[in-house]
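Numbered as in the working numbering, the sequence shown ends at 107 without a single skipped number.
By construction, the Cβ of each residue, glycine as well, lies at the ideal position given by its N, Cα and C atoms.
A quick write-up on the structure given underneath.
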Amino acid sequence: MTRNRASARKAGTAFETQIATTLATHLDDDRIERRAKTGAKDRGDIGGVRVHGQRVVLECKNTARTDLARWAREAHDEAGNDDALVGLVVHKRHGNAQGLDQWVTCTVADLIALLTGRRPEEDQ
């Protein structure tokens, strides 16, 4: 069965809700929530995630085709809109229904920021 716009939106909403619920459960954090879309100044799909006292933006994707470069740019733009430390992409691992089994993608700079709490300087 192919997806139409409505079924794709429904699948995306369900995936975002699943990830928010999984994170809130395992991080024991009642601030984590699925965010409503806010247009041009979107601040990511999941809010309330923090590391080192700073915001982390999560951009969720439930699609058949992978486009990591575009998704990472989107997550970074949304992190800027939210004044967050990093923007990460959480994407559907097809064939795995559990929230804990889904993929998370980030740049090495994002990984360094997560581990240290600071964005690294550009490579010289």
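Own chain partners of residue i with C-beta closer than 7 Å, once the 5 adjacent residues on each side are dropped
{"i": "R17", "result": "E(-1), T0, A3, D28 and I29"}
{"i": "H59", "result": "G70"}
{"i": "E61", "result": "D25, R26, G27, V40, E42 and G70"}
Contact under 8 Å by Cβ, residue i with residue j
{"i": "Q37", "j": "A(-11)", "result": "no"}
{"i": "R26", "j": "D65", "result": "yes"}
{"i": "R33", "j": "V40", "result": "no"}
{"i": "G110", "j": "R53", "result": "The structure shown does not extend to residue 110, since the chain spans only -16 to 107, so no value can be given for it."}
{"i": "L97", "j": "V72", "result": "no"}
{"i": "T5", "j": "G82", "result": "yes"}
Of the listed residues the options, nearest to residue i (C-alpha basis)
{"i": "D84", "options": "T90, D93, A92 and H74", "result": "H74"}
{"i": "A(-6)", "options": "T46, V40 and A23", "result": "T46"}
{"i": "G63", "options": "K24, W86, G82 and V87", "result": "K24"}
{"i": "R(-8)", "options": "D12, K44 and W86", "result": "K44"}
Nonlocal neighbours in the same chain, by C-beta distance under 6 Å from residue i, ignoring five residues either side
{"i": "A92", "result": "P103"}
{"i": "G100", "result": "H35"}
Residue i versus residue j: straight-line alpha-carbon distance, rounded
{"i": "R(-14)", "j": "K20", "result": "21 Å"}
{"i": "H77", "j": "E105", "result": "35 Å"}
{"i": "A55", "j": "C89", "result": "7 Å"}
{"i": "D50", "j": "I95", "result": "22 Å"}
{"i": "G8", "j": "N79", "result": "According to the sequence shown, residue 8 is Thr rather than Gly. About 19 Å."}
* Let me know the alpha helix (DSSP H) ranges lying completely inside the segment 46 to 71, each 4 residues or longer, listed in chain order. => 51 to 64
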